[in-house]
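So the structure is just underneath, and the comments pick up after that.
6 protein chains.
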Amino acid sequence: MRILLINPNTSVAMTERMVASASRSLAPDVELVALTAPHGMPYIASRAESVIAGAATLEMIATHQGGVDAVVIGAFGDPGLIAARELFDLPVTAMAEAAMLTACMLAQRFSIVTFSPTLTAWYEDAVALSGLQGRCAGIRVPDVPFASINDVQSELESQLVELCLRSIETDKADAVILAGAPLTGFAAKVAARVPVPLIDPLDAAIGQATLLARLQTIPARAGRFARPPAKPGTGLTRALGAWIEHRPM
Amino acid sequence: MRILLINPNTSVAMTERMVASASRSLAPDVELVALTAPHGMPYIASRAESVIAGAATLEMIATHQGGVDAVVIGAFGDPGLIAARELFDLPVTAMAEAAMLTACMLAQRFSIVTFSPTLTAWYEDAVALSGLQGRCAGIRVPDVPFASINDVQSELESQLVELCLRSIETDKADAVILAGAPLTGFAAKVAARVPVPLIDPLDAAIGQATLLARLQTIPARAGRFARPPAKPGTGLTRALGAWIEHRPM
Amino acid sequence: MRILLINPNTSVAMTERMVASASRSLAPDVELVALTAPHGMPYIASRAESVIAGAATLEMIATHQGGVDAVVIGAFGDPGLIAARELFDLPVTAMAEAAMLTACMLAQRFSIVTFSPTLTAWYEDAVALSGLQGRCAGIRVPDVPFASINDVQSELESQLVELCLRSIETDKADAVILAGAPLTGFAAKVAARVPVPLIDPLDAAIGQATLLARLQTIPARAGRFARPPAKPGTGLTRALGAWIEHRPM
Amino acid sequence: MRILLINPNTSVAMTERMVASASRSLAPDVELVALTAPHGMPYIASRAESVIAGAATLEMIATHQGGVDAVVIGAFGDPGLIAARELFDLPVTAMAEAAMLTACMLAQRFSIVTFSPTLTAWYEDAVALSGLQGRCAGIRVPDVPFASINDVQSELESQLVELCLRSIETDKADAVILAGAPLTGFAAKVAARVPVPLIDPLDAAIGQATLLARLQTIPARAGRFARPPAKPGTGLTRALGAWIEHRPM
Amino acid sequence: MRILLINPNTSVAMTERMVASASRSLAPDVELVALTAPHGMPYIASRAESVIAGAATLEMIATHQGGVDAVVIGAFGDPGLIAARELFDLPVTAMAEAAMLTACMLAQRFSIVTFSPTLTAWYEDAVALSGLQGRCAGIRVPDVPFASINDVQSELESQLVELCLRSIETDKADAVILAGAPLTGFAAKVAARVPVPLIDPLDAAIGQATLLARLQTIPARAGRFARPPAKPGTGLTRALGAWIEHRPM
Amino acid sequence: MRILLINPNTSVAMTERMVASASRSLAPDVELVALTAPHGMPYIASRAESVIAGAATLEMIATHQGGVDAVVIGAFGDPGLIAARELFDLPVTAMAEAAMLTACMLAQRFSIVTFSPTLTAWYEDAVALSGLQGRCAGIRVPDVPFASINDVQSELESQLVELCLRSIETDKADAVILAGAPLTGFAAKVAARVPVPLIDPLDAAIGQATLLARLQTIPARAGRFARPPAKPGTGLTRALGAWIEHRPM
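Protein chains in written order, with our numbering: chain A, 987 to 1235; chain B, 987 to 1235; chain C, 987 to 1235; chain D, 987 to 1235; chain E, 987 to 1235; chain F, 987 to 1235.
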C-alpha cells in the first residue's frame, strides 16, 4: 500500500523528520512517499497562510496522485483537506482531524498542546470544522518564545510537558494531542512523564489513511464530496487545471 | 468613503452586474471600486474552487488596499474572508456572512435559496463558520438545471420564488437570503411575491462594510485577528509576498 | 431618513447623552428623533424591570411610529425587541443584538464589559436570545460599586479598561462590547488603550437600523414576525390598544 | 399549603375551567387560590401580548403574595416567569417550563401540540428559554381554524388527536404536551387514543409548584435570581411599586 | 400511594439513612418501600460499577414491582434508569435527573457538589444524558480524602460548604445540587450557610416520582420507551428473565 | 498483534460470521481471537438488554484479557464500552463509535441504516454518547419485519439499499453506516449500488483497535478513564471480582 505524505510547508528538513518519525508505527505493508511544497512558506502558522498552502496542496495531489492508495496532509490545521476530498478519488486524511478522531477512542475530552500562540486560532478552526468542540478541553501554548522551529522540541520540552499536566489537572483532559508538524515524534519521547495517552498527529493521520485504504470504500458520487462539474480555469498549474477541466466523472 | 468590491470570479460581466445592482442601496457618501479576479474560474462553485479563489482574493487586496476604507468579498461562500481579516488592517465583509447577520435582525430563522445543488455544501460551510446554524432554517435549490449562469435569474425565476415560498411554509423561515453572486438584484425583483423579507447579500455586504467603516474601530493587535509574524515566502505575487514579509506591525 | 431612538428609561439626561454621542457616526442623510420613557424606572437593570420597560417601549412606538423609517431601542438588554418586531411594520434594532451582530464581523469571539454585576443575568439572556453564545467569550463587570450612574464612565474608567484587557487575555475575546446605555461613547474614549476593536452598542444599533431602512425589505406577512390577529384589550394606552385592535393587516 | 394560580388572561371563564381541571391531581394538602388578570387581553397568543401580560403578572403577584407557598403562572408561554423569580421570594412555576421538565421524565423527546399556528413562535421561545431544544421533537398545530376559544377542545378534538399521532410517528416524540390554557384537561380525555404519555401543563405546573414548596429551599440571595437593588419607579401599580422600592433584602 | 425506593448499593445502613431523610418532605399520602441491592458493591462510584449496578436494579424492580405506583432509583448517576423506563410500566425517577430538572425551576444554572473526585466522570455522563449541559455550571469536589463514607457529611462539612460558595462565586451557579446518596439530608443541614437554593436529590427524586404517579399517564406503547419484543434469555434472575420473556404487551 | 473480539450476544453462529467477514480487511500482522457471551440474550436489541450485556462484556474481558493487544466490542450500541475503558488497561473499541469516527473522514454527515425499528433508540444513544450528533444525518429502518435474524441481509437486501439511497437524497448523508452485527459484511455486497462510501462497523472497529494498538499509548492514570479505587464486591464472576478488588494500580 502506498501512502502519499504531503508537507504543505517548503521545509525539506521537516519532511525528512516526519518520514523518520512515522516509520515507528507503520503497518508492515505500508510504503510512505513524501513530498515538500514547491512554493509557499517554510512553516505555515495562520489561517491566511493556510489558504495559500491549501491551494498548493491541491496542486501537489493533482500532480502526484498516480499509483497512490491514500493521501496524508502533513500539517496540523489541515490545509486543503475538505477541498481535496471534494476534488480527488483517494481517501485523504490530515493531522488535526485524524488526531482528534483518534483521541476520541482514548479519551472523553482531549486537549491540544502546541508550541506557539500564533497557532491557536488556526487550530480552533480545525476543532470547529470537526464538530468535536464538545470533546475538546482546550488548547494550551507556552508563554515563552522559541529560537528555532527545528529545535522547538528540545527548547520547550519542559514547558510542553508542564502544559500537558495542566491540561489534565485544570482543563480536565483525558488525552493530549501534541500538535504541529514540528512536534512530530515528541509524544513518544515524553509519554512516561504524562499520566494520560499522548497522541502524535502524524502517526494518527497515517494510521487513519491506512485504515481508510484497507476499507476500500468507493469514492463519493453524491453528497458533499461528489465532484463539482468540470470547468475551465485560468492561471492554475498544469496538472490541477487539467484535473478540474477534464477529470473523469 | 471608498469601498473595494472584490469579485473573486474571473467574469467581468458579473462584476458589472454587481456594481449596477449595488448602486440602489448605497449611502450617499459611498464610492464603490470594483475588481475582477485576474485568474481562477469564471464562476467558483465548490470548496475546492473557493480555496483557489481565496488565495487570489488575498492577492487582490494586497495589491489594491491603498486609499480604501473597507473591503467587500463579492462571492457567497466568502472565499478568503477570515484570512483577509487576519492579514489586513481594513474592515472586510463578505456576502454570506453579511447576509446572515443582517437577516438575524429581520427574522428569527432565515433560509437560503440558491440556483444550483452544487453550491449547497459550500454554503453550509459558510453557515457553520458563522455559528448561526441554530438560526438557519435550511438551504433550498431548484431540481432543474439552468443553461447560462448569466441568465439564471430569468431562467429560474418561478422556481426560485416557489422555493422561497416552500422555505417559509415547510422550513419555517421568516426571511429568505437569495444567495450567489448571479442572483444579485433578484430579491428586489420578486419581493412583492414573497410574504417575508428577502435579503440581497451584496446589498447586505456593502451596507455592513459601510457601517464598519463608519465605526472607525482600530485594527486588532491581539486575539484571533492579530497579524501573524512576518515571514518570507516563495512563489507569491509581489504585493502579497511583500505584505506578508514586510507589513507594518 | 428618520430614525426613532427610544430610551426605555425615564432619564432625560441619558437620552440627551445618547443623542450627542450618536451624532459621531451617523450617515449624512439620517435624522435622529429621540424619546424618553414617560413612566418606569430611571435606569432599568434587571429582567423584571425589562419586562415592565418592554411594555412601555411598545406603547412609545405605537404612539410615535408615524413618518419614521426605523426604530432603535436604546437599552442594552433590548426590552420589547421581539415584541416590537412582531407588532409593527418598521425595522427595529436594539443595542445588545446590534452590538453582537456587528462584533461578529470584527471578531470571532466578542466579550461584553459593563459597569454593574446586577446587569449580568439580563445581558446573558440577550446573548442567548441571539443564538450567539458560541461567539461570546463572556461578560465581565467591575468588583467595585459606583456612586452615580451619570458619572460611571469617569468613576470606573480604569477598571473598565482593565476588564477589556482581561477579557482579551483571559477570555480570549477578539473584540469588546462596552455595554449599557450609560457607557455610550466610552468606546471611542478608550480605544487607544485596548488592542482590539471596541464596539459602541448605540452606534451599532443606529448603524444597523440605517442599513435595514436602506434595504427597503417588506414587513413580514408570514413566519414568526407576522402580526398576530387583531383583538380587543383592556387597560392599554390609547395608541397601543388601537393598534392591537385595529391595525391594518 | 396554599398555591396561587395566576391567569394572565382577562377571561374569568378560563380561570374557572383551570381550577376545575386542576382539582383532579392535587395533593391532599394543597389549596388552590386563583386570580384573573384585571387588564390585558382575553387570551394572550403572541410575544407582544406576552410582554404586556408579563407586566400584569408581576403586578398580580405583588398584590397577592401574602400567605402563599408557591405561585403558578397559568399560561403556556410563561409570561413574566423569569422576572417573577427574580423579584419575589416564593417558588414560581409556569405551564410551559413545568410541562417540558415533567415530560423529560416520561420521554427522551417530547412534542408540543396546540390549537393555533399563531402560538408557535411564542412556544418556540419557551422551549429555547428552557434549554431543552435537544429534547423537543417539534410543535404541531392544526391547519383548520376554530370558532370559539372556549370550545376549542371539542371543535378540534379529532385534529388534535391526529396531531399527537403524527408527532409520534413522524417527529419521533415519546410523549406529547397538550399546550395552551384552553386545552387544560384535554390530555385526560384523549389519553386512551394516543400510545404515549400525554402531559397536561396545568397539572404539571401545580405539581411542580407543590414539590418546590415541600422542598422548602431558601430564596436566592446570590446568582441570577438574587433581587435587583431597590429603586423608585413611576407609573407602576401601588403594590408592585412599593415592592420594587421597599422590599426587604 | 406506594413508592419503591431502590438502593443499588449493598449497604443496608445507607438505605436506612435515605429512608429517614426522605420522610421530611413526603406528601401526606405517600408510603415509601425501600430495598437494598442483594449483590454488587457497598458503594458504586464509577461508570463500570454503574453498569453492574444497573443490571441489579432491573432485577430488583422485576422482582418487587407488584402493587407499586412509582419507582425511585436511589443513586446519583442513575444506574439503569433508561433501561428501567424501557422495560417496566411504572414511572421511574432517579436522583441525578430529578435533582437537575428540579433545579431548573430554582436556577438558570445549577452546579453539582459532591464528595469524591472519583465520581466526577459518572456525574458528567448523567448531565449529558439529561441534555442539560447548557444549564450545568460545573461539578466541584473536595481535594481532601475522607475516611469513612458513612461519616462523609461530618468529615467534609466545611469543605462542602466552601465548594458551594465557590460554585456560586466562580462558576456562577444559582442553585447547588448536593450529589451522591451519602450526602442525603446534607442540604437541609447547611442551607442557612449558602445564599442560593440547595437541592437534595433524594427529596427531588421522590417528589418527582410522586408527581408522575399523580398524573396517571399511560405507559408508552410507542416511541423510545415502548417495550422491546419479548425474547428468551439465559443466566438472568428468575423474575427478570420471566418479565423479559413473558411480559404482557 | 492479538485482538480480542467480544460478541456480547449468546449466538455462536453470529460470532463465526463476524470472524469470517472481518478477515477481509485485517492488517497482515493481526490475529483475531473471538468470544461469544456465555449468558444473556441471543441478540441484544434495546437499552435494557444492553445494560445486561454490558455487565457480561466486562466479565468476558476480565477473564480473557491476558496476552491481548486490544479489545473490540462486537455489537453496534457498544455495550459496556465506557466501563471497559475505565476498568482495563487495553485499548477498547466498539462498532458504533468506530463506525462513526471512521465515517467522519469520508463524509461530513453520515447516516445509519439498520434492519429493525426496535434498535433506533439504542443507536441514537450511541450517537449522543459520541458527541457527533451534528454529523449524523439520521437513522433509517425498514418498515417491514424480517423472519430470521440470520438471514436478515438477504431478506431485506432491496429495502436496505433503498434506505441507503433515501438517506443520501432526503437526509443529505455523504456516507452510510450499515449498523448492527447481523449486517456485518453487507456493505461490501451492495457497495456498487450506492453512490457514497458504505461503512462496515466491524471492519471499522477492528481497524481502529489495530491503529490504537500500534500507537502504543500508555493507559490513563488520570482523567475520566483512570481506574476507580479498588473495592470488594459480592456476587460478581471470579475474574471480574478479583480485578475490581485487586487490580494493579
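Where a beta carbon is used, it is the ideal one built from N, C-alpha and C, also for glycine.
Where does residue i land, buried or exposed, given buried means 16+ other C-beta within 10 angstroms?
i                  : result
Arg1224 of chain A : exposed
Glu1002 of chain A : exposed
Gly1221 of chain A : exposed
Arg1179 of chain F : exposed
Asp1015 of chain B : exposed
Gln1088 of chain D : It is worth fixing the name first, because residue 1088 of chain D is Thr in this sequence and not Gln. Buried, since its Cβ has 16 or more Cβ neighbours within 10 Å.
Arg1007 of chain B : At residue 1007 of chain B the sequence reads Ser, which differs from the Arg that was named. Counting Cβ neighbours within 10 Å, Ser1007 of chain B comes out buried, since at least 16 surround it.
Ala1013 of chain D : buried
Glu1017 of chain F : exposed
Would you check whether the ligand FAD has a heavy atom nearer than 8 Å to the C-beta of residue i?
i                  : result
Leu1146 of chain C : You won't find the ligand FAD in this model; it holds no ligand whatsoever.
On the DSSP letters alone, give me the boundaries of the alpha helix (DSSP H) that residue i sits inside.
i                  : result
Leu1018 of chain C : Careful: Leu1018 of chain C lies outside any alpha helix (DSSP H), inside the beta strand (DSSP E) at Glu1017 to Thr1022.
Thr1079 of chain A : No alpha helix (DSSP H) holds Thr1079 of chain A; the beta strand (DSSP E) holding it covers Val1078 to Ala1080.
Val1037 of chain F : Arg1033 to His1050
Ile1068 of chain A : Leu1067 to Leu1073
Ile1154 of chain C : Glu1143 to Glu1155
Ala1056 of chain B : Taken as a continuous stretch (DSSP letters only), Ala1056 of chain B belongs to no alpha helix (DSSP H), being part of the beta strand (DSSP E) at Ala1056 to Ile1059.
Lys1175 of chain C : Phe1172 to Val1176
Ile1192 of chain B : Pro1187 to Leu1201
Tell me where the beta strand (DSSP E) around residue i begins and ends.
i                  : result
Ala1107 of chain F : From DSSP, Ala1107 of chain F is part of no beta strand (DSSP E) but of the alpha helix (DSSP H) over Thr1106 to Ser1116.
Arg1210 of chain E : No beta strand (DSSP E) holds Arg1210 of chain E; DSSP gives it neither H nor E.
Ala1123 of chain B : Cys1122 to Arg1126
Ile989 of chain C  : Arg988 to Asn993
Phe1096 of chain F : Phe1096 to Val1099
Ala1161 of chain B : Ala1161 to Leu1164
In chain order, what residues of the same chain have a beta carbon less than 8 Å from the beta carbon of residue i, not counting five sequence neighbours either side?
i                  : result
Met1027 of chain B : Asn995, Thr996, Glu1035, Ile1038 and Ala1039
Leu1021 of chain A : Leu990, Leu991, Ile992, Asn993, Thr1001, Met1046 and His1050
Just to confirm, is the Cβ distance from residue i to residue j under 9 Å?
i                  : j                  : result
Arg988 of chain F  : Ser1011 of chain A : no
Val1162 of chain F : Phe1096 of chain F : yes
Thr1196 of chain E : Leu1092 of chain D : no
Arg1033 of chain D : Ile1135 of chain C : no
Ser1153 of chain A : Ala1123 of chain A : yes
Pro1183 of chain F : Leu1076 of chain F : no
Phe1062 of chain F : Gln1094 of chain A : no
Glu1143 of chain F : Val1176 of chain F : yes
Keeping to the same chain, check which residues put their C-beta closer than 7 Å to that of residue i; ignore five residues upstream and five downstream.
i                  : result
Thr1106 of chain B : Ile1125 and Val1127
Phe1074 of chain C : Ile1047 and Gln1051
Asp1064 of chain B : Ala1080, Met1081, Ala1082, Glu1083 and Ala1112
Taking residue i as the query, report the chain I residues whose CB atoms sit under 8 Å from its CB, ordered along the chain.
i                  : result
Ala1177 of chain C : Within the model displayed, chain I is absent; protein chains A, B, C, D, E and F are what it includes.
For residue i, which residues in the same chain have their Cβ closer than 6 Å to its Cβ, ignoring the five residues on either side in sequence?
i                  : result
Gln1139 of chain F : Phe1172
Ile1230 of chain B : Gly1219
Taking any Cβ of chain F, which residues in the segment 1020 to 1041 of chain E have a Cβ under 8 Å from it, in chain order? Pro1024, His1025, Gly1026, Met1027, Pro1028, Tyr1029, Ala1031, Ser1032, Arg1033, Ala1034, Glu1035, Ser1036, Val1037, Ile1038, Gly1040 and Ala1041
So if I threshold CB-CB distances at 9 Å, which residues from the segment 1048 to 1068 of chain D count as touching chain C? Cβ contacts with chain C come from Pro1065, Gly1066 and Ile1068.
Taking Cβ-Cβ distances below 7 Å as the criterion, which residues of the segment 1105 to 1117 of chain F are in contact with chain E? Ala1107
Mind listing which residues of the segment 1001 to 1019 of chain E have their C-beta closer than 7 Å to chain D's C-betas, in chain order? Per Cβ criterion, the list reads Ser1011, Ala1013, Pro1014 and Asp1015.
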